[in-house]
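Count along the sequence shown from 1, then add 217; that gives the number in the working numbering.
Quick notes on the structure that follows.
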Amino acid sequence: MNRTKLLAANWKLNKLTGEAAEFVREYAAKLPASPVPTVLLPTNTALQAVASACKESGKTPSELAFGAQNCYFQSSGAFTGEVSPEMLVDLGCRYVVLGHSERRAIFGESDDLIGLKVAAALKAGLTPIFCIGETLEERNAGKLEYVLARQVKVGLANIEEAQLDKVVVAYEPVWAIGTGVVATPEQAQAAHKYVRELLAKKNSEAAMKMQILYGGSVKPDNCYELMTQPDIDGALVGGASLKVDSLLELHKECTRASR
Ligand code: PGA
218 MNRTKLLAAN
228 WKLNKLTGEA
238 AEFVREYAAK
248 LPASPVPTVL
258 LPTNTALQAV
268 ASACKESGKT
278 PSELAFGAQN
288 CYFQSSGAFT
298 GEVSPEMLVD
308 LGCRYVVLGH
318 SERRAIFGES
328 DDLIGLKVAA
338 ALKAGLTPIF
348 CIGETLEERN
358 AGKLEYVLAR
368 QVKVGLANIE
378 EAQLDKVVVA
388 YEPVWAIGTG
398 VVATPEQAQA
408 AHKYVRELLA
418 KKNSEAAMKM
428 QILYGGSVKP
438 DNCYELMTQP
448 DIDGALVGGA
458 SLKVDSLLEL
468 HKECTRASR
């Protein structure tokens with residue numbers, strides 16, 4: 218099945234509003250025509266600036282879209298410090314990253330909480346980029362499949378079968394995030410294939426359509442090999458997405474891999 222690829226740039230806790238807007242202007246000006254959309258994921262404080270710059274660029278959302286790195290599952294109320302899916306939609310976001318391993322490890326997010334967020338994001342009309350992945354300890358203990366199965370089961374427990382293909386999954390082995398140690402294409406493909414089998418148990422037709430992104434130390438020089446694996450449908454990139462030229466290179470490699 219020919220799934221379109223997706224390039225998602227997770228800027229994490231980086232870039233002030235002016236830097237984010239400048240990035241978008243430069244990136245959009247140099248972005249060639251391609252079937253591969255770029256999704257920019259700035260911090261919440263830079264979302265408005267990115268929204269305006271994307272609009273001014275004249276790019277369509279199938280070329281250049283944006284989203285947030287997290288949200289809460291409630292629409293409004295007494296939840297100090299949180300942002301709702303509806304608020305993100307209000308800013309023009311199309312995507313939201315949920316369950317990133319940094320949210321899980323540093324902020325203690327559980328599979329159950331992530332499951333509530335995924336359902337709320339979908340309900341609001343956002344495409345969740347639902348992140349899963351094992352730690353090195355878990356992999357070495359032979360628990361890769363067990364961990365992925367649990368994360369998929371609980372994280373997607375609150376959505377209807379018919380909604381499944383509206384979710385983008387990102388497989389990010391924790392040991393590869395920000396470490397420079399990238400999963401080999403074989404390791405990544407094996408995990409992606411397993412994840413697609415898990416999804417197929419829920420809805421086989423949807424599983425074939427769903428984009429499963431790889432994340433963890435993706436760089437321009439390892440991107441193509443990863444992206445040409447049969448079950449890898451794009452990349453979620455942190456460090457290498459922070460510079461315009463590097464993101465353009467990644468986009469070029471994703472485009473080349475989709476031919
Ligand atoms: P990295 O981050 O590309 O810097 O490894 C990936 C991610 O956390 O999504």
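Backbone N, C-alpha and C define an ideal beta-carbon position, used for all residues, glycine too.
With DSSP as the reference, label residue i as helix, strand or coil.
| i | result |
| --- | --- |
| Leu257 | strand |
| Phe240 | helix |
| Leu415 | helix |
| Ala358 | coil |
| Pro345 | strand |
| Asn219 | coil |
| Ile449 | coil |
| Val208 | An answer regarding residue 208 cannot be provided, because it is not within the stretch 218 to 476 covered by the chain. |
| Leu330 | helix |
| Asn173 | No answer is possible for residue 173: the residues shown for the chain start at 218 and end at 476. |
| Ala282 | strand |
| Val185 | The structure shown does not extend to residue 185, since the chain is modelled only from 218 to 476, so the question has no answer here. |
| Ala374 | coil |
| Val435 | coil |
| Ala250 | coil |
| Ala387 | strand |
Where does residue i land, buried or exposed, given buried means 16+ other C-beta within 10 angstroms?
| i | result |
| --- | --- |
| Leu230 | exposed |
| Thr344 | buried |
| Pro252 | exposed |
| Thr297 | exposed |
| Ile323 | exposed |
| Lys276 | buried |
| Pro249 | exposed |
| Pro390 | buried |
| Lys232 | buried |
| Pro447 | exposed |
| Pro302 | buried |
| Lys222 | buried |
| Arg413 | buried |
| Asp450 | buried |
| Thr396 | exposed |
| Glu403 | exposed |
| Glu477 | Outside the displayed span of the chain (218 to 476) sits residue 477, for which this structure offers no information. |
| Pro278 | exposed |
| Arg321 | buried |
Taking the beta strand (DSSP E) that residue i belongs to, which residues open and close that run?
| i | result |
| --- | --- |
| Asn287 | From DSSP, Asn287 is part of no beta strand (DSSP E); its letter is neither H nor E. |
| Ile429 | Ile429 to Gly432 |
| Val398 | Note, Val398: premise wrong, no beta strand (DSSP E); not H, not E. |
If we cut at 7 Å on Cβ distances, does residue i have a partner in chain C?
| i | result |
| --- | --- |
| Glu303 | This model lacks chain C altogether, as it is built from one protein chain only. |
What are the boundary residues of the alpha helix (DSSP H) that includes residue i?
| i | result |
| --- | --- |
| Leu233 | Taken as a continuous stretch (DSSP letters only), Leu233 belongs to no alpha helix (DSSP H), as it is neither H nor E. |
| Ala393 | Careful: Ala393 lies outside any alpha helix (DSSP H) and carries neither H nor E. |
| Leu467 | Val461 to Ala474 |
| Leu264 | Leu264 to Ser274 |
| Asp382 | Unbroken run through Asp382: none, as it is neither H nor E. |
| Val300 | Taken as a continuous stretch (DSSP letters only), Val300 belongs to no alpha helix (DSSP H), as it is neither H nor E. |
| Lys424 | Here residue 424 is Ala; the residue named in the question, Lys, does not match the sequence. Taken as a continuous stretch (DSSP letters only), the alpha helix (DSSP H) holding Ala424 covers Ser421 to Lys426. |
Return yes when at least one heavy atom of the ligand PLP lies under 6 Å from the C-beta of residue i, else no.
| i | result |
| --- | --- |
| Val412 | With respect to the ligand PLP, the structure offers nothing, as its ligand set consists of the ligand PGA. |
Item to check | Cβ pair count under 8 Å reaching 3, the region 327 to 340 against the region 353 to 364 | outcome: They do not touch, by the three-pair rule.
Checklist entry - Can we say the region 421 to 428 touches the region 381 to 389, given the rule of at least three CB pairs closer than 8 Å? => result Yes: at least three Cβ pairs fall under 8 Å.
Checklist entry - So, do the region 362 to 376 and the region 427 to 435 have three or more beta carbon pairs nearer to each other than 8 Å? => result No, they do not touch.
Checklist entry - Are at least three pairs of beta-carbons, each pair with one atom in the region 455 to 462 and one in the region 432 to 443, less than 8 Å apart? => result Short answer: they touch.
Item to check | the region 286 to 301 contacting the region 333 to 340, beta-carbon criterion three pairs below 8 Å | outcome: Three or more pairs of CB atoms, one per stretch, sit closer than 8 Å, so the region 286 to 301 contacts the region 333 to 340.
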